[in-house]
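Accompanying notes for the structure given below.
2 protein chains.
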Amino acid sequence: MTTSQPSPTGDAEAENTLAGLGEFGLIARLTEGRRHSPATLLGPGDDAAVLAAADGRVVATTDVLVAGVHFRLDWSSPQQIGRKAAAANLADIAAMGAVPTGLLVGLACPSDSPLEVLSGLTDGVWEEARSVGAGVVGGDVVSSPTLVLSITALGSLQGREAVTRAGARPGDTVALAGRIGWAAAGWAVLARGFRSPVAVVSAHRVPEPPYAAGPQAAAAGATSMIDISDGLLADLGHVARASAVRIDVRTAALTVPDRLVDVGAALGIDPMHWLLTGGEDHALAATFPGEVPEGWTAIGTVAEGDPEVLVDGRVYDGGPGGWDHFTR
Amino acid sequence: MTTSQPSPTGDAEAENTLAGLGEFGLIARLTEGRRHSPATLLGPGDDAAVLAAADGRVVATTDVLVAGVHFRLDWSSPQQIGRKAAAANLADIAAMGAVPTGLLVGLACPSDSPLEVLSGLTDGVWEEARSVGAGVVGGDVVSSPTLVLSITALGSLQGREAVTRAGARPGDTVALAGRIGWAAAGWAVLARGFRSPVAVVSAHRVPEPPYAAGPQAAAAGATSMIDISDGLLADLGHVARASAVRIDVRTAALTVPDRLVDVGAALGIDPMHWLLTGGEDHALAATFPGEVPEGWTAIGTVAEGDPEVLVDGRVYDGGPGGWDHFTR
């Protein structure tokens, strides 16, 4: 039979693009030699994949990232972008109290995209997935004028109840796992054309979500939990509204790292603003009825009242409280 | 707390766009009033959804569709595009022998996209999902210069083994469920600027995959199965290679519908070419060791030999044998 792939052009440069390799050739290049996770019962290459869902349920979330909107190829390497895209999804799985089992990756890209960009993105997604014991179980690669990376993550609750945003109760303690403010500081540095300090720029490029803290919090009896992707106050606002409670954050409980103090001083920005409003570090916030588990820091309290988030008892007026993908 | 959504502009037109409504406002509009399927244990609105996976496994597949590449807003309504995008994924679930349980929808769109386009797309996805008893359990809406629709479908094997592309054995009968050639005829009509005959144009706009035939074939002992999305010969080629067998299709077993005969005559195209190479109807092809189940039509045989697909014993030379998203 004839095949649906274009024949090689003979032009070495064009061959190493989407157009040169064709859809199936490219997928073969992006999937070859990958080691699959134990949860992968049937990996990529068929109409669909099959994943283990041992307790009879599957947790699922999807995120779409667009070049020029959510990432910049001149700020980050393709591999860093792939890691960050995967991390955003994996953190959502962790925020339900689940462990990731697999990712599906949709890649829409210009047909002249170099193979090194596409394989860099894929490598990054695989690395981040592997760091939590998951694998890429399926995907799609298509031609598009704009580079768009769309990731779906699946996870297992391992028999636990899902921890939603809706369970916070008056009297609970609000706690935090992972770091906040770093990615926002990195963004501020990059936006001004600098490439250092490396620590904050790296934090913007590749977040380090506290994946294990999600299932840990669920096991410890967390009443609500959320992935901080839009900023601490904005995301606690989701919890406050879903749980119909008031949340009060104590800034005295938030330690501003020396590095952020330095960067803030250099840029003329109060670093506490980054901690309160910066997203993309993918820390986790949760509420606990009793003691806060190890690795978590108590940062506030839950009370009866209008569904809102106060900072030291007052409405925060230090600037935009979050992040909106359409107005950034 | 301050919110991350832009305040209304006061401009009624701008308010009914992504930019006017903001991410959260738009998601609220797109999800309100939806009825969820029994498999949906936790629907949209949290960090992730939770779906039933009763037999301890989940089937998962993802597809990305790009405006101008995979669909045209001047050829199809947003609702038709949504239905087709969902159908492509749901057919992949059926082709494993599974029933769909839920969809996740990623929508990347220009920030001035009218709400009616976005809600039309979403309505279409919901309608198609509901037609198979599934629901939309999660999603993401982001700003993008290009409209990209990315869908992930999840499904349940209901205790059956997955039917892959790799199990066809010499002596098996190749069979078909659903119609082929219709969407390709519709594409040919639309590409020439016509809008009728309605039957073929509708087939291009919204496919009618034989969803129930997938689980039925699995229960009846199908040894391999595939969703025909790239064309009968191209997709049987995947089965031939994965199973390391030769497949012979008998054109005498393929009935060319009168309607396609008429359209072919009008356009000067042999309609058999559409049946052999046209994708996007999302028919299912499967191989059976014994009798072909009701609703399926025997169209060929599996034999030992080089992994290839023959038509009436010969290599088909009637034109490109399939479809490549980068060279269309």
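As given, the protein sequences belong to chains A and B, one line each in that order. According to the working numbering, the first sequence is numbered sequentially starting from 1. According to the working numbering, the second sequence is numbered sequentially starting from 1. In this text, a Cβ means the ideal position worked out from N, Cα and C, and glycines have one as well. Just so you know, these numbers come straight off a predicted model, no measurement behind them.
Mind checking if A:V137 is an interface residue toward chain B, Cβ cutoff 8 Å exclusive? Taking the first residue of the first sequence as position 1, residue 137 of chain A is located at position 137. With 8 Å as the cut-off, A:V137 counts as an interface residue toward chain B.
Use the C-beta contact count for A:T17: other C-beta atoms within 10 angstroms, 16 or more gives buried, fewer gives exposed. Residue numbering aside, residue 17 of chain A sits at position 17 when the first sequence is read from its first letter. A:T17 is buried by the Cβ-count criterion.
Minimum Cβ-Cβ distance from A:P100 to chain B less than 8 Å: Sequence index remark: in the first sequence, residue 100 of chain A carries index 100 (1-based). Chain B contact via Cβ: absent.
Determine, using beta-carbon pairs with one atom in the segment 211–219 of chain A and one in the segment 260–277 of chain A, whether at least three such pairs fall under 8 Å. no
Is the closest heavy atom of the ligand ATP to the C-beta of B:V245 under 7 Å? For the ligand ATP, the structure offers nothing, since it holds no ligand at all.
Would you tell me roughly how many angstroms separate the C-alpha atoms of A:L254 and B:G231, rounded to the nearest one? For the purposes of this step, residue 254 of chain A is taken as the residue at position 254 of the first sequence. For the purposes of this step, residue 231 of chain B is taken as the residue at position 231 of the second sequence. Using only the alpha carbons, I get a separation of about 59 Å.
Per-residue contacts from A:P215 into chain B (C-beta, under 8 Å): Here the question's residue 215 of chain A lines up with position 215 in the first sequence. Those do not exist, as A:P215 stays about 13 Å from chain B at its closest Cβ, beyond 8 Å.
When you compare each of B:A298, B:G221, B:T297 and B:L30 to B:G124 by their alpha carbons, which one comes out closest? For the purposes of this step, residue 124 of chain B is taken as the residue at position 124 of the second sequence. Nearest of B:A298, B:G221, B:T297 and B:L30 to B:G124, Cα basis: B:L30.
Quick check on B:E304: buried or exposed, where buried means 16 or more other Cβ atoms within 10 Å of its Cβ? As a working mapping, residue 304 of chain B is identified with position 304 in the second sequence. B:E304 comes out exposed.
How would you call A:G20, buried or exposed, if buried means at least 16 neighbouring beta carbons within 10 angstroms? Residue mapping note: residue 20 of chain A aligns to position 20 of the first sequence, counting from 1. Buried, because 16 or more other Cβ atoms sit within 10 Å of the Cβ of A:G20.
Could you work out which residues of chain A lie near B:R165, taking near to mean beta carbons separated by less than 9 Å? Within the second sequence, numbered from 1, the residue matching residue 165 of chain B stands at position 165. Ordered by position in chain A, the residues that pass the 9 Å Cβ test against B:R165 are G45, D46 and D47.
Restricting to Cα atoms, I'd like to know which of A:G33, A:A85, A:T173 and A:A213 is closest to A:E294. Counted from its first residue, the first sequence places residue 294 of chain A at position 294. The residue with the shortest Cα to Cα distance from A:E294 is A:A213.
A:V309 versus A:L236 - alpha carbon distance: As a first step, residue 309 of chain A must be located in the first sequence, where it is residue number 309. As a first step, residue 236 of chain A must be located in the first sequence, where it is residue number 236. Taking the straight line from one Cα to the other gives about 7 Å.
Here's a check: name, in chain order, each residue in its chain whose Cβ is nearer than 7 Å to the Cβ of B:G106, leaving out the five neighbours to either side. On the second sequence, residue 106 of chain B is found 106 positions in, with the first residue counted as 1. G139, D140 and S150, listed in sequence order.
Can the beta-carbon of B:S156 be found less than 8 Å from the beta-carbon of B:D55? Numbered from its first residue, the second sequence carries residue 156 of chain B at position 156. Numbered from its first residue, the second sequence carries residue 55 of chain B at position 55. It is a contact, given that the beta carbons lie within the stated cut-off.
At 8 Å on the CB atoms, spell out the chain A contacts of B:R57, in chain order. Translated into positions along the second sequence, residue 57 of chain B becomes position 57. Under the 8 Å cutoff, chain A gives L41, V50, L51, A52 and A53.
Within 7 Å of chain A by C-beta, residues of the segment 226–243 of chain B in sequence order: I226, D227, D230, L233, A234 and G237
Taking DSSP as the reference, what is the three-state secondary structure of A:D55? Position 55 of the first sequence holds residue 55 of chain A. Looking at A:D55 - three-state DSSP - the assignment turns out to be coil, as it is neither helix nor strand.
Determine the direct distance from the alpha carbon of A:I247 to that of A:D312, and round the result to whole angstroms. The count along the first sequence starts at 1 and reaches residue 312 of chain A at position 312. The count along the first sequence starts at 1 and reaches residue 247 of chain A at position 247. Looking at the two C-alpha atoms, the distance is approximately 10 Å.
Where B:T164 falls, given that 16 or more other Cβ within 10 Å makes a residue buried: Reading the second sequence from its first residue, position 164 is the one you call residue 164 of chain B. By the neighbour-count rule (16 or more Cβ atoms within 10 Å), B:T164 is buried.
Is the Cβ of A:M272 closer than 8 Å to any Cβ of chain B? Translated into positions along the first sequence, residue 272 of chain A becomes position 272. For A:M272, the answer is no, since every Cβ of chain B falls outside 8 Å of its Cβ.
Host beta strand (DSSP E) of B:M225 (start-end): Taking the first residue of the second sequence as 1, we reach residue 225 of chain B at position 225. It spans S224 to I228 - the beta strand (DSSP E) in which B:M225 sits, taken as one unbroken run.
Need the endpoints of the alpha helix (DSSP H) that A:R192 sits in, please. To locate residue 192 of chain A, count along the first sequence from 1; it is residue 192. Unbroken run through A:R192: none, as it is neither H nor E.
Taking 6 Å as the limit between beta carbons, can you name the residues of its chain near B:D281, skipping five residues before and five after? As a position in the second sequence, residue 281 of chain B is number 281, starting the count at 1. Excluding residues within five positions, the ones whose Cβ falls inside 6 Å are R179, I180, W182, A183 and P207.
Going along chain B, which residues have a C-beta under 7 Å from A:G106? As a first step, residue 106 of chain A is located in the first sequence; it is residue number 106 there, counting from the start. Those are T62, V64 and S150, listed as they occur along chain B.
Roughly how many whole angstroms lie between the Cα atoms of A:G97 and B:G186? Taking the first residue of the first sequence as position 1, residue 97 of chain A is located at position 97. Taking the first residue of the second sequence as position 1, residue 186 of chain B is located at position 186. Cα to Cα, the separation comes out at about 48 Å.
Whose C-alpha, out of B:A234, B:R34, B:G290 and B:S119, is nearest the C-alpha of B:V315? Taking the first residue of the second sequence as 1, we reach residue 315 of chain B at position 315. Of the candidates B:A234, B:R34, B:G290 and B:S119, the one whose C-alpha sits nearest the C-alpha of B:V315 is B:A234.
If I follow the unbroken alpha helix (DSSP H) through B:F24, where does it start and stop? The residue given as residue 24 of chain B occupies position 24 in the second sequence. That run of the alpha helix (DSSP H) goes L18 to T31.
Within 10 angstroms of the Cβ of A:S196, are there 16 or more other Cβ atoms? Answer buried if so, exposed if not. By one-based count along the first sequence, residue 196 of chain A stands at place 196. So A:S196 ends up on the exposed side.
Taking only the alpha-carbon atoms, compute the straight-line gap between B:L276 and B:D172 and give it to the nearest angstrom. Here the question's residue 276 of chain B lines up with position 276 in the second sequence. Here the question's residue 172 of chain B lines up with position 172 in the second sequence. Their backbone Cα atoms lie some 20 Å apart in a straight line.
Just verifying my parser: in three-state terms, what is the DSSP assignment at A:I81? Within the first sequence, numbered from 1, the residue matching residue 81 of chain A stands at position 81. In this structure, A:I81 counts as helix in the three-state DSSP scheme.
Report yes or no: is there a C-beta of chain B within less than 8 Å of the C-beta of A:S113? Along the first sequence, read from residue 1 onward, the residue named residue 113 of chain A stands at position 113. Not an interface residue.
What residue range is occupied by the uninterrupted alpha helix (DSSP H) comprising A:S113? In the first sequence, counting from the first residue as 1, residue 113 of chain A sits at position 113. Per DSSP, A:S113 belongs to no alpha helix (DSSP H) and is neither H nor E.
For my contact list, B:A175 and B:F288 are in at a C-beta cut-off of 8 Å; report their separation, rounded to the angstrom. As a position in the second sequence, residue 175 of chain B is number 175, starting the count at 1. As a position in the second sequence, residue 288 of chain B is number 288, starting the count at 1. Rounded, the Cβ-Cβ distance is 6 Å, consistent with contact.
Answer with buried or exposed for A:D227, where buried requires no fewer than 16 other C-beta atoms within 10 angstroms of its C-beta. Here the question's residue 227 of chain A lines up with position 227 in the first sequence. Looking at its Cβ environment, which holds 16 or more other Cβ atoms inside 10 Å, A:D227 is buried.
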